[in-house]
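Residue numbers (full-length UniProt numbering): 1 to 428.
These notes are about the structure you will find just below.
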Amino acid sequence: MQSVTRVSSHHAVCDSGNGEPHNVNRAAPGISYFTPAQIPPAGTAADPQPHGKPIPKLFTPLKIRGITLQNRIMLSPLCQYSAEDGHYTMWHYAHLGGILSRGPGITTVEATSVTSEGRITPEDMGLWKDSQIEPLRKIVEFAHSQGQKIMIQLGHAGRKASTIAPWLGSGDVATHELNGWPENVYAPSAIAYNDRHAQPKAMTGEDIQNFKRAYIAAVKRALTAGFDAIEIHNAHGYLLHEFLSPVSNQRTDEYGGSFDNRTRLTLELVDLVRQVIPNEMPLFLRLSATDWLEETELKDQSWTVEDSVRLAKILAAKGVDYLDVSSGGNHELQHIHAGPGYQAPFAKTVKKAVGDKMLVGTVGSITSGKQAQQLLDEGLDMVAVGRGFQKNPGLVFAWADELELDVRMPNQIQWGFGGRGKGRPQKK
């Protein structure tokens, strides 16, 4: 008598008793609905490559604590300004799902606020209440159904909160009529980013403690949702960056003044997060390496690359696994020297200082596979890409083609390039 192997609630095939037939459309394991298993996951380089070609570092696996990425291309957090009361919406599922299914090594959910008043805009993502967990759990489950890794960036906008979506204006205040909270914007000091932003209130000691509690509560919700990693948003002129920089932090208590005091909140938060998350879970941190004020009249008040190197060494010792090096965003007088890979020199400087004690990567104007590979050849561990994925969700495949590399696509896409029943497409 033949036995029946259940592949999903919708699919069953006959098994002769000699094992599962080779042509079973297997279900992804541990998923609450049917979707085909992706083994190996999209974005994995064929090993060996056709004709014995070596695999470039960009497409080699990267182990970070208890997870292994199939390549070293990270999807940057991309704010979509499309949430409803902080909740994930259908736009997010369509936008992120189309990218992560095509195989970046790790996908980052956009900057997600740990408090309601910490949002950049009224339409920002949030994890300040339990009802926001389930919508995020669904995108995590989808990522895992594809064999992909996914993390969430948690932060607080500080003095840059309660603004309107960027396509409506540049930093203009979201008033009450626009669902904003301009009278409840908080920062290290009562210094507005500029005259178009809300006037912030200087945080009291109690406010700082409440922020730390809210942050850890959000981390716990992220764990419930099932994320593979956490990224602390310490960049781009938002709250934690504001505490680091003398231009935005003029406090006279234990959180202002000296380097040790200005970095205190960041380091306290790192300790708290590391205590809460499992030992095998990676901890990322995005850092603005400089305020870009060195060529302005505010050069003596700038957070600098030297400061970042000093902080990076401490972060490595405290259990931060990956430093995601960006820059700027904390003052409108910033003088940015933009260009291809313009933030990579900062990341290289940090990497040289920390060595193997911490993984370091860069982001910003990385537009080709060859450019990305060169950055890794020069010592960096991973690259993060945002706009490139916005323009081309299949960026991983495009870069693989550029490097003349054979990589896995999702089954539903790959068969169309290789022909029905032919398996992996081979490059000529």
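Ideal Cβ placement from N, Cα and C applies to all residues, glycine included.
Selection 230, 240, 263 and 312 evaluated against residue 280 yields 230 as nearest (Cα-Cα). Around the beta carbon of residue 339, fewer than 16 other beta carbons lie within 10 angstroms, which makes this residue exposed.
DSSP places residue 378 in the coil class of the three-state scheme, outside both helix and strand.
Contact check for residue 41 and residue 103: beta-carbon distance about 7 Å, within the 8 Å limit, so the pair qualifies.
Residue 50 has no beta-bridge partner at all, per DSSP. If you draw a straight line from the Cα of residue 112 to the Cα of residue 79, it is about 9 Å long. Using a C-beta cut-off of 8 Å, the region 212 to 227 makes contact with the region 147 to 162, since at least three inter-stretch Cβ pairs fall below that distance.
Residues 75, 99 and 395 of the same chain have their beta carbon placed closer than 6 Å to that of residue 389, with the five preceding and five following residues left out of the count.
Within a 10 Å sphere around the beta-carbon of residue 72 sit 16 or more other beta-carbons, which makes this residue buried. For residue 240, the CB contacts under 6 Å within the same chain, skipping 5 residues up- and downstream, are 234 and 266 in chain order. In the three-state scheme derived from DSSP, where H, G and I count as helix and E and B as strand, residue 238 is classed as coil. About 10 Å separates the beta carbon of residue 283 from that of residue 276, a gap too long to meet the 8 Å contact definition. In the three-state reduction of the DSSP assignment, residue 197 falls in the coil class, being assigned neither a helical nor a strand state. Look at residue 343 here: in three-state DSSP terms it is coil, with no helix or strand label. Rounded to whole angstroms, the separation of the alpha carbons of residue 145 and residue 30 is 8 Å. With at least 16 other beta carbons inside 10 angstroms of its own, residue 362 counts as buried.
Residue 268: member of the alpha helix (DSSP H) spanning 264 to 276, first to last residue.
Straight across, the Cα-Cα distance linking residue 69 with residue 147 is about 10 Å. Within the same chain, no residue comes within 6 Å of residue 253 by CB-CB distance, once the 5 residues on both sides are set aside. At a cut-off of 3 residues, the continuous stretches assigned as beta strand (DSSP E) that sit fully inside the region 19 to 91 are 62 to 64, 67 to 69 and 73 to 75. Secondary structure note for residue 215: its alpha helix (DSSP H) is the uninterrupted segment 205 to 225. Cβ neighbours of residue 346 within its own chain (closer than 8 Å, five residues either side excluded): 289, 290, 305, 308, 325, 327 and 362. Annotation for residue 111: the continuous beta strand (DSSP E) segment containing it runs 106 to 113.
Note that the region 118 to 135 touches the region 160 to 175; at least 3 beta-carbon pairs, one per stretch, sit closer than 8 Å. Sixteen is the threshold: when 16 or more other Cβ atoms of the shown chains lie within 10 Å of the Cβ of residue 302, as they do, the residue is buried.
Only residues of its own chain outside the window of five on either side were considered, and among them 301 have a CB closer than 6 Å to the CB of residue 246, listed in chain order. Three or more pairs of CB atoms, one per stretch, sit closer than 8 Å, so the region 374 to 386 contacts the region 348 to 363. In terms of Cα proximity to residue 329, the closest of 369, 194, 255 and 205 is 194. Unbroken beta strand (DSSP E) stretches of 3 residues or longer found wholly inside the region 298 to 365: 322 to 326 and 359 to 363, given in chain order. Cβ contact annotation for residue 35 (same chain, cutoff 6 Å, sequence separation greater than five): 28 and 145, in chain order.
In the DSSP annotation of this structure, residue 133 is not part of any beta strand (DSSP E); the continuous alpha helix (DSSP H) holding it starts and ends at 133 to 145. Only residues of its own chain outside the window of five on either side were considered, and among them 160, 163, 193, 194, 196 and 197 have a CB closer than 8 Å to the CB of residue 171, listed in chain order. Taking C-beta atoms under 8 Å as the contact rule, residue 128 and residue 86 qualify, at a distance of about 7 Å.
Residue 125 is bridged by DSSP to 112.
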